[in-house]
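Under the numbering used here, the sequence shown has 102 at position 100, and the numbering climbs by one with no breaks.
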Amino acid sequence: MKVRKHRIFYIILVVLMIIDVYSIFNAGNPNSIIRNIVPDPGWDFLITAIISLLIVVNVGIMSSLNGNATDPVYLSLLENKAYIEKLREKGKNDQEIALSFISKLNESNLGKKIAYRKAIKYLKRI
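Here's what the structure looks like:
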């Protein structure tokens, strides 16, 4: 199902990009195909801007669907899943596991806070 959604969004992205490139290079052209839909060439800039905005929204949706697959915190927690399960058997909760995880990072305080929040969120799923 997830692969199907990605294919649909990629197809929509390609179609929108083709239309956008065409509208960019034919803005104001009286013989453009867009004249069949919108006869006034004054609207070409707005049409191109709307199509470009749709491309940005589509890319945003595609990146949010990708989600955890590329997050280094999530991938690191998955690699250490067996160790996390051992810690849980010893009675450690998610907060303690997340603290031990971020103590090993070479990040600034802000980076550690972000990683801690992500680790808590992902530990609830594992």
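Yeah, the Cβ is synthetic: ideal placement off N, Cα and C, and Gly gets one too.
Helix or strand or just coil, what does DSSP make of residue 111? Note: residue 111 maps to helix in three-state DSSP.
Legend entry - Between the CA atoms of residue 18 and residue 89 - distance to the nearest angstrom: Going from the Cα of residue 89 to the Cα of residue 18 covers about 49 Å.
- prompt: What three-state label does DSSP hand residue 1 in the structure shown?
  reply: Shown here, the chain extends from 3 to 128; a query on residue 1 therefore has no answer.
Going by the CB atoms, is the gap between residue 13 and residue 25 shorter than 8 Å?
no
task: List the whole-angstrom C-beta distance separating residue 121 from residue 75, where the pair is believed to meet the contact cut-off of C-beta under 8 Å.
output: 6 Å
#### Entry: residue 125 vs residue 79 beta-carbon contact at 8 Å
A Cβ-Cβ contact shorter than 8 Å links residue 125 with residue 79.
_Cβ-based neighbour list, residue 94, same chain, cut-off 6 Å, excluding 5 preceding and 5 following_ = none
Can you tell me where the alpha helix (DSSP H) with residue 83 in it begins and where it stops?
83-91
For residue 107 versus residue 117, is the C-beta distance shorter than 8 Å? yes
- Query: So, helix, strand or coil for residue 95, using DSSP?
  - Reply: coil
Hey, how far is the Cα of residue 61 from the Cα of residue 55?
10 Å
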